[in-house]
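Take any residue in the sequence shown, count from 1 to its spot, add 5: that is its number in the numbering used here.
Just so it is clear, CB atoms sit at the ideal spot from N, CA and C, and this is done for glycine as well.
What follows is a set of notes on a single structure, which appears directly below.
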Amino acid sequence: MGKELAQSFGTARAVFDEVDEALGEKLSTIIWEGPLETLTLTEHAQPALMATSMAVMAVLRDEFGVGVDIATHVAGHSLGEYTALAAAGALSLSDAATLLRHRGQAMQRAVPVGEGTMAALLGASEEQAITLCNIGSEYGICELANDNAPGQVVISGATKAIEAAAAAAKENGVKKAVILPVSAPFHSSMMEPAAREMEEALADVTIRTPVVPVVTNIAAAPTINPQTIRRQLVEQITGRVHWRQSVSWMVGHGVDTFIEPGSGKVLTLLVRRISKESTGIALNSPQSIEEFANACSSENQS
């Protein structure tokens, strides 16, 4: 993840170096060499994904002259909101890295391993997901966590409650329920201790006005207000990720092309499910970055 980028561009390597320095350890070594079970720990995975995305943004800006100001809005899914804020200049790279490290650790501390989990409801509407949450709630906390796209909703909460909701999926018209391999019930009220920790951590961080509006997970609407951003980053810990609504808002306000810089193309695929008329472009290799930059240059010259 990001290794080819760092080998090809000094500006990308500099991003990983800055993140390593901010965290006081060689996260880049873990990203590129593993072991996988160490990388996938929440405290490593969150800053690692952010660093990879920001390396792509740095290459676009410094190597090809394509800055974030070509966008009308930025947005990120869950931890990706920190990346969006860093890309838009609201957070420094170092602050984004240290906040995400703290966020991952706080989320892991909030609930003992095994006591909480999440499940993806495939083919479920929001109404069906709410019905299953009501069923699960008889056994403990069971809440909507992510509204990702039509037919893909994620629920989160106490393990027994989520298992009960998943077991009732088919009889309530849901195609399939998949228990996710996560270490905690993210985006549920069980994360309240982590929210309080992040409120303290964010209080000491400078948040600047972003150069383009950020469409936030909590509101599914844009903001450039630093205090609103600070508050909603705290609310996001326990609140639902309104990704479908966020993309729909942007589409409804003229956005027809979505760029996903970083690792993989999960969000690109979700965008296509939300809006079949929209174009999604994943930038995760030197070749894809160069092709996109060349296309931007051609469009500016035409």
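* Taking E240 as the reference, give the member of E202, T273, P117, F263 with the closest Cα. => E202
* Just tell me which of A300, L272, A170 has its CA closest to the CA of G141. => Ranking the options by Cα distance to G141, first place goes to A170.
* Could you tell me the boundaries of the alpha helix (DSSP H) in which M203 lies? => 197-208
* To do: Count the C-beta pairs between the region 121-133 and the region 169-183 that are closer than 8 Å, then say yes if the count reaches three, no if not.
  => yes
* Length of the line joining the Cα atoms of A134 and V187 -> If I take the Cα positions, the gap works out to 19 Å.
* **Candidates Q232, V24, Q237, of which the one nearest A225 by Cα** => Measuring from the Cα of A225, the nearest candidate turns out to be Q237.
* Based on Cα-Cα distance, which residue from A17, C301, M255 lies nearest to M59? -> Among A17, C301, M255, the Cα nearest to that of M59 is on A17.
* **contact_flag[the region 197-212, the region 155-170] where n(CB pairs < 8 Å) is 3 or more** => no
* To do: Could you pull out every residue in the same chain whose Cβ sits closer than 8 Å to the Cβ of F297, ignoring the five residues on either side in sequence?
  => Here the set comprises L65, V71, I264, I286, L288.
* Any idea if A101 is buried or exposed, counting beta-carbon neighbours within 10 angstroms, 16 or more meaning buried? -> buried
* Might you give, ordered along the chain, the residues of its own chain that have their beta carbon closer than 6 Å to the beta carbon of V252, omitting 5 neighbours on each side? => V276, I279
* Reduced DSSP secondary structure (H/G/I, E/B, other) of V118 -> coil
* To do: Say whether the region 37-44 touches the region 85-104, bearing in mind that this needs 3 or more beta-carbon pairs closer than 8 Å, one atom from each stretch.
  => no
* Asked: Between G15, K8, T47, which lies nearest to T34 when the distance is taken from Cα to Cα?
  -> K8
* Got a sec? Which residues, its chain only, sit under 7 Å from P52 by beta carbon, not counting five neighbours each side? -> V24, L28, L32, A102, L105, R106
* Asked: If you pair each beta-carbon of the region 146-155 with each one of the region 191-202, do three or more pairs fall below 8 Å?
  -> yes
* Taking T262 as the reference, give the member of I242, G244, T273, T284 with the closest Cα. => T284
* To do: Name the one or two DSSP bridge partners that A125 has.
  => V159, V183
* Nearest neighbour of M55, chosen from E38, L90, G39 [CA to CA] -> L90
* Asked: Just checking my contact of D74 with V216 at CB under 8 Å: how many whole Å lie between their CB atoms?
  -> About 6 Å separates the two Cβ atoms, so the contact holds.
* R114, buried or exposed, once every other Cβ within 10 Å from all chains shown has been counted against 16 -> exposed
* Asked: How many Å lie between A199 and N230 at the Cα?
  -> Looking at the two C-alpha atoms, the distance is approximately 23 Å.
* P291 and S83: beta carbons closer than 8 Å? -> P291 places its beta carbon 8 Å or farther from that of S83.
* On a CA-only basis, which of G121, A206, F21, K175 is nearest W37? Give me that one, please. => F21
* **Close-in-space but distant-in-sequence residues of the same chain around T136 (CB under 8 Å, 5 per side omitted)** => N177
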